[in-house]
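Here's the structure we're looking at; comments come further down.
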Amino acid sequence: MRWRLTLVMVILGFYTMFAAGPFAWVALMSVRTTTEITANHYAWPKTWHWEKFTEAWFGSGYNVYFQNSTLVVCSAVLVLTVVGSMAAYALARYRFPSNRTIYFILFSTIVFPPQITVIALFQILVQYGLYNSLPGLTLVYVAFQLPLTVYILETFFRRIPGELFDAARIDGYGEFEVFWRIALPISLPAISTTVILNTILLWNEFLYAVVLITDESKRTLPLGIQRFMGDQLEDIGMIATGLMIAIIPVVLIYAFFSEKLIKGMTAGAMK
Amino acid sequence: MITANHQNVSQRSPWGAIVTFLLPALVLYIAFTAYPVVRTFWNSFHHVLPKGETFVGLENYAELVKDEFFWRAVGNTLIWSLASPLLEVGIALLLALALYAKVPGARFFRIAWFTPVLMSYVVVGILWSWIYNYEWGALNETLRWIGLGNWARAWLGRPDTALPALIFITSWMWAGFNLVVLLAALHSLPSEVIEAAELDNCGWWGKLVYVIVPLTKATLLNLLVLSFIGKMKIFDLVWITTKGGPLWSTETVSTYVYKRAFEWNTFDLGYPSAIAAVWFVIVISAVLGLSWLLRHGEKLEY
Amino acid sequence: MANVKLQNLGKRYAGGTQAAVCDVNLEIEHGELFVLLGPSGCGKSTTLRMIAGLEEITDGQLLIDGKQVNGLPAKDRDIAMVFQSYALYPHMSVRENLAFGLRRRKFKLEEINRRVVQASQILGLAPYIDRKPHALSGGQRQRVALGRAIVRDPKVFLFDEPLSNLDAALRVSTRAELTSLHARLGATMIYVTHDQVEAMTMGSRICIMNAGRVEQVGRPLDVYRDPANTFVASFLGSPPMNLMQTSVSLNADGQYLSLGSQFVNASGLMTRLATPLTNGQSVTFGIRPEDISLRPGSPIEAEVLNTEALGAETLLLLSLDGLPAPIRARVGRDERPAKGSKVGIAVDIDRVKLFDTTTGQALP
């Protein structure tokens, strides 16, 4: 049935345009000046103004926002990976009385609406002088993504056959060495999934950043972009370029790790 | 039979190792998640001002019940949380079925459809506020182009269209995600069952209702619940686009909590904490209720 | 090479009502290939793991070379274990897998290399010494697991169902290889399996376990011929030994045992018993299928319920009048009576085993 195939292709085409169109549009706008854009919002760029990127980077402070985001996200993901993998390992491989309770509590946190913690976190950070600081935000981010990280890694650690650990114990390896030399190397796929997931989710995080950061110099990328939105005269060209700066890292990660990322994000949903 | 020689040796559970592994995570969790939850509940029974706290019992909760803005926000959020899942999953299901057949270049398409999910809500919000722009936004331009110019609106600027417009945005974002998941789920179904249905002369609709939906029920329900939870929490998108306006038509519980805590000049953190506490209980109950329902669904064998 | 002694060994799990292993007494000699055989859940693997040090011993004592090792951690017991699923470190090459345990014990590099080379020569691992486990076939992986144990040069080798994950043909050839390996190394090996054929062909001695207890220990053929109780009798042998109720009939013209409504002359058997039986006493009669033959004209008659011609032999399902359950017989390949026909059968009385009806113990 030829018409069936054509219908399918048409639907595919439309949906792809629908899903990816807006991004293509931003990408194009990012290299056009605001004047050009106001004249015609949908034209193909006549000249490709790559200098807008340098302008945004140095002139509009995007370099600061980008650096802040990178700092916070990288530190948070590093801490998350170390702390999360250790906790997941302990929960998956050792039997002790409160094991399942702890796991359940950690796991159920994924469902919590952030409002339940955001006000108190504000109070706590102010109290300890961590308000409006990147380290403070990093710590909050670690706690925020810990449940998901532990959940993904625990499932994976659980699946490692017990005999592997028995063999290592007979070979004379102590608890921490077994974790470090056996469990971690084997679980590299799962760990990289959590690293990618955490990086993307934290890179895009907005609510906690809005509440806990007010200094211009400490803003993360999402906050920085929002600031431009607030201006009366929308400098669309600049905003578009800024958006691209925010999107590009994600796109790069996505380009290299798409399969892994898709699998990681959809694995929990599929039964 | 136990003999007198009971030799008990080194503990099987190496406590030292367990504690070392778990402690950092638990400390972080307690400090930045568990304690804040408790603190929020504590706040909800107080007036929490910069000067200090005063215990007020259930006064905040009483005020909450009478707060029309709160109830408006709840209404909006619930509408969102109930409509969105149906839209996102329904559309995704139909698309998945249409595309289930032979899809050339499937990998490329998956990647393209997944893109909206990865973008920050900030980026998405800005993009769509441009698309919805009255004068030059893509939506209105397209309408004018195909001759339906009088349908053009200031989508985000009118109380009656703002919320639906936002709901449409999230559907755009998440339909792709659901689509990818459902396609994977469909492909994991044994093809014999679908072939059997075709042999039984089911027809397109029959096949859908009697064969495919029941078999993918678990995945469908998962996606619906995930979507529901996500919309109950939503903040970023609203904050970037409409900030709850116009006229409270897009106010969600999360934006309202933020406003009461950080933007109103009462500086009282107790009242928004009460709102957060109530909402927390509602969300948890909803999730528990839904999972109870799901667990009592039948298990299907194939 | 070592001697391993289990004295009243037991394992009880916290909160468990029944012990997984109860009161096991075994002495495994230097250089023996000692097999622990039994159905799943009988406690054989748990016993092995207690010897290895992977399970805590809750009761009794474990001695290796006369020294008590209950509290000694696994790595200090000088044992090596080959697991059912091989447990190879997936992220290391074969060479690294072999060297891993030695490195930990701070052997000199040259010594490590020497041992690795030697093991790989014995097992033929050289062609894939640098590959990772996922690039190896099941049989190759199993050899690497063996190699890992050999390089350790331990006092005792422990095997936990090492052949279960191999396909049938590979299992047969590997069995022979393991036996020759044992002969070559002369090492003490304790081998757990649920497969009778492995036990019968490989073991110097076998130990049948059931529900955490030792049922019988001895050389394979001895255990086969003289099972200590009905469990051992019906566990070993395929098809299993026929067991049926019989009553003693002592009268003027001889000593008989009933087979349903018929009788078999049991004079020779009776005289061999330690305690003579009384008239009318009820005992359990056990005879293996291969000890029943067809003899036309025999006073004992049976009806053929089913004939299975296997090519090399024939299995018959026979019904004797008065016996509630049918019995099986193993006869020659050319003896294929038709279904429903009546045949005369003979029972080799010298091979009959009698068991106490209540305890199941063999009557000596």
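Residue numbers (the numbering used here), protein chains in the order written: chain A, 57 to 327; chain B, -7 to 294; chain C, 5 to 368.
Glycine included, each C-beta is placed from N, C-alpha and C at the ideal position.
Treat the numbers as computed from the prediction; the structure is a model and nothing was measured.
* To do: Check whether the Cβ atoms of PRO328(C) and LEU321(C) lie closer than 8 Å to each other.
  => As a first step, residue 328(C) is located in the third sequence; it is residue number 324 there, counting from the start. As a first step, residue 321(C) is located in the third sequence; it is residue number 317 there, counting from the start. For PRO328(C) and LEU321(C), no; Cβs fall outside 8 Å.
* To do: With GLY348(C) as the anchor, note down where its beta strand (DSSP E) starts and where it stops.
  => As a working mapping, residue 348(C) is identified with position 344 in the third sequence. 346 to 351 is the span of the beta strand (DSSP E), which, as asked, contains GLY348(C).
* Kindly say whether GLY185(A), judged by its beta-carbon, lies nearer than 8 Å to any beta-carbon of chain C. => In the first sequence, residue 185(A) corresponds to position 129, counting from 1. Closer than 8 Å to the CB of GLY185(A) there is not a single CB belonging to chain C.
* **Alpha carbon of THR(-5)(B) to alpha carbon of ARG237(A), nearest angstrom** => Here residue -5(B) refers to the residue found at position 3 of the second sequence. Here residue 237(A) refers to the residue found at position 181 of the first sequence. Reliability of the predicted coordinates at THR(-5)(B) is poor, the pLDDT of 32 falling under 50, and the value obtained from them is presented with this limitation in mind. THR(-5)(B) and ARG237(A) have their C-alpha atoms roughly 40 Å apart.
* **Within-8 Å CB hit, ILE226(A) to chain C** => Counting from one through the first sequence, the residue named residue 226(A) turns up at place 170. Judged by the 8 Å Cβ criterion, ILE226(A) is in contact with chain C.
* To do: Could you give the DSSP three-state label for CYS130(A): helix, strand or coil?
  => To locate residue 130(A), count along the first sequence from 1; it is residue 74. For CYS130(A), the three-state secondary structure derived from DSSP is helix.
* To do: Assuming PRO203(A) and ILE166(A) form a contact by the criterion Cβ under 8 Å, report the distance between their Cβ atoms to the nearest whole angstrom.
  => Counting from one through the first sequence, the residue named residue 203(A) turns up at place 147. Counting from one through the first sequence, the residue named residue 166(A) turns up at place 110. With 8 Å as the limit, PRO203(A) and ILE166(A) qualify as a contact, their Cβ atoms being about 5 Å apart.
* Asked: Which residues in chain A sit within 9 Å of ASN35(B), going by Cβ to Cβ distance?
  -> Position 43 of the second sequence, counting from 1, holds the residue named residue 35(B). Residues of chain A whose Cβ lies closer than 9 Å to the Cβ of ASN35(B) are, in chain order, ILE175, ALA176 and GLN179.
* Within 8 Å, strictly: CB atoms of PRO78(A) and ILE123(B) -> Reading the first sequence from its first residue, position 22 is the one you call residue 78(A). Reading the second sequence from its first residue, position 131 is the one you call residue 123(B). One thing to note: PRO78(A) has its Cβ within 8 Å of the Cβ of ILE123(B).
* Asked: Under a CB-based cut-off of 8 Å, is HIS95(C) close to chain A?
  -> Mapped onto the third sequence, residue 95(C) falls at position 91. Taking 8 Å as the threshold, the shortest C-beta distance from HIS95(C) to chain A falls below it.
* Using the C-alpha atoms, what's the distance from MET248(C) back to GLY190(C)? -> In the third sequence, the residue the question calls residue 190(C) occupies position 186. In the third sequence, the residue the question calls residue 248(C) occupies position 244. Rounded to the nearest angstrom, the two C-alpha atoms are 43 Å apart.
* Find the residues of chain A that neighbour VAL279(B), judging by a C-beta separation of less than 7 Å, and give them in chain order. => Stepping through the second sequence from its first residue, residue 279(B) is reached at position 287. Near VAL279(B) (Cβ distances below 7 Å), the residues of chain A are VAL167.
* **Residues near THR311(C) by beta carbon distance below 7 Å, same chain, minus five either side** => Counted from its first residue, the third sequence places residue 311(C) at position 307. Taken in chain order, the residues that qualify are THR318, LEU320, ARG340, PRO341 and LYS343.
* To do: State yes or no: is the beta carbon of MET85(C) nearer than 8 Å to at least one beta carbon in chain A?
  => Counting from one through the third sequence, the residue named residue 85(C) turns up at place 81. Output row for MET85(C): interface = yes.
* To do: Under 8 Å Cβ to Cβ from GLN288(A), same chain only, skipping five residues before and after it: list those, please.
  => For the purposes of this step, residue 288(A) is taken as the residue at position 232 of the first sequence. Confidence at GLN288(A) is low in this model, with a pLDDT of 45, below 50, so its placement is unreliable and no value can be given for it.
* Asked: Cβ of THR107(B) less than 8 Å from any chain A Cβ?
  -> Sequence index remark: in the second sequence, residue 107(B) carries index 115 (1-based). Yes, its Cβ sits closer than 8 Å to a Cβ of chain A.
* Kindly list the residues whose CB is nearer than 8 Å to the CB of GLN72(C), restricted to its own chain and excluding five residues on each side of it in sequence; keep chain order. => Within the third sequence, the letter at position 68 stands for residue 72(C). The answer, listed in chain order, is GLN65 and LEU66.
* Report the three-state DSSP secondary structure of SER238(C) (helix, strand or coil). => Taking the first residue of the third sequence as 1, we reach residue 238(C) at position 234. Three-state DSSP puts SER238(C) in a helix.
* **Stretch-stretch touch, CB-based, cutoff 8 Å, three pairs: the stretch 270 to 288 of chain B with the stretch 24 to 39 of chain C** => No: the two stretches stay apart, fewer than three of their Cβ pairs being nearer than 8 Å.
* Under 9 Å from the C-beta of PRO241(A): neighbouring residues of chain C -> Mapped onto the first sequence, residue 241(A) falls at position 185. Correct list: TYR93, PRO94, HIS95 and MET96.
* To do: Could you confirm whether any beta carbon from chain A is found closer than 8 Å to the beta carbon of PHE104(C)?
  => For the purposes of this step, residue 104(C) is taken as the residue at position 100 of the third sequence. At least one C-beta of chain A is nearer than 8 Å to the C-beta of PHE104(C).
* Asked: Do TYR310(A) and LEU110(B) have their CB atoms nearer than 8 Å?
  -> Mapped onto the first sequence, residue 310(A) falls at position 254. Mapped onto the second sequence, residue 110(B) falls at position 118. A distance below 8 Å separates the beta carbons of TYR310(A) and LEU110(B).
* Quick one: does the C-beta of THR233(B) sit closer than 7 Å to a heavy atom of the ligand SAH? -> As far as ligands go, the structure on display features none, and thus does not contain the ligand SAH.
* **Identified DSSP bridge partners for PHE152(A)** => Numbered from its first residue, the first sequence carries residue 152(A) at position 96. The beta-bridge partner set that DSSP reports for PHE152(A) is empty.
* Short-range partners of chain A found in the stretch 224 to 244 of chain B, where Cβ spacing is below 8 Å -> Cβ contacts with chain A come from MET224, LYS225, PHE227, ASP228, TRP231 and ILE232.
* **Neighbourhood of THR194(A) by C-beta distance below 7 Å, restricted to the same chain and skipping five residues each side** => Within the first sequence, residue 194(A) is the residue found at index 138, counting from 1. VAL128, SER131 and ALA132.
* To do: Put VAL249(B) into one of helix, strand or coil per three-state DSSP.
  => Counting from 1 along the second sequence, the entry for residue 249(B) is found at position 257. Helix at VAL249(B).
* C-beta atoms of PHE38(C) and ARG145(C) nearer than 8 Å -> Residue mapping note: residue 38(C) aligns to position 34 of the third sequence, counting from 1. Residue mapping note: residue 145(C) aligns to position 141 of the third sequence, counting from 1. When the beta-carbon positions are compared, PHE38(C) and ARG145(C) stay at least 8 Å from each other.
* To do: Just the C-alpha distance for ARG225(A) and ILE208(A), rounded to the nearest angstrom, thanks.
  => Start at 1 with the first residue of the first sequence, and residue 225(A) comes out as number 169. Start at 1 with the first residue of the first sequence, and residue 208(A) comes out as number 152. When rounded, the distance between both Cα atoms is 26 Å.
* Which residues, taken in chain order from the stretch 259 to 280 of chain A, show a beta carbon closer than 9 Å to some beta carbon of chain B? -> So the close ones are TRP259, ASN260, GLU261, PHE262, LEU263, VAL266, VAL267, LEU277, PRO278 and LEU279.
* To do: Would you mind working out which of ASP352(C), ALA215(C) and GLU294(C) sits nearest PRO43(C), comparing C-alpha positions?
  => Taking the first residue of the third sequence as 1, we reach residue 43(C) at position 39. That would be ALA215(C), whose Cα lies nearest to the Cα of PRO43(C).
* Asked: Does the separation of the CB atoms of GLY228(A) and ARG108(C) fall below 8 Å?
  -> Position 172 of the first sequence, counted from the start, is the residue given in the question as residue 228(A). Position 104 of the third sequence, counted from the start, is the residue given in the question as residue 108(C). A contact, by the Cβ cut-off of 8 Å.
* **Any chain B beta carbon closer than 8 Å to THR297(A)** => As a working note, residue 297(A) is residue 241 in the first sequence. Under the 8 Å criterion on CB atoms, THR297(A) is classed as non-interfacial with respect to chain B.
* Expressed to the nearest angstrom, what Euclidean distance is found between the alpha-carbon atoms of VAL1(B) and PRO77(C)? -> Walking along the second sequence from the start, residue 1(B) turns up at place 9. Walking along the third sequence from the start, residue 77(C) turns up at place 73. Unreliable positioning characterises VAL1(B) in this predicted model, as indicated by a pLDDT of 29, which lies under 50. A coordinate reading is not provided.
* **Expected contact under 8 Å - CB spacing of ARG64(B) and TRP256(B) to nearest Å** => To locate residue 64(B), count along the second sequence from 1; it is residue 72. To locate residue 256(B), count along the second sequence from 1; it is residue 264. Contact between ARG64(B) and TRP256(B) does not hold, since the beta-carbon distance rounds to 16 Å and is not under 8 Å.
* Look up ILE55(C) in the DSSP assignment and say whether it is helix, strand or coil. => Residue mapping note: residue 55(C) aligns to position 51 of the third sequence, counting from 1. ILE55(C) falls in the helix class under three-state DSSP.
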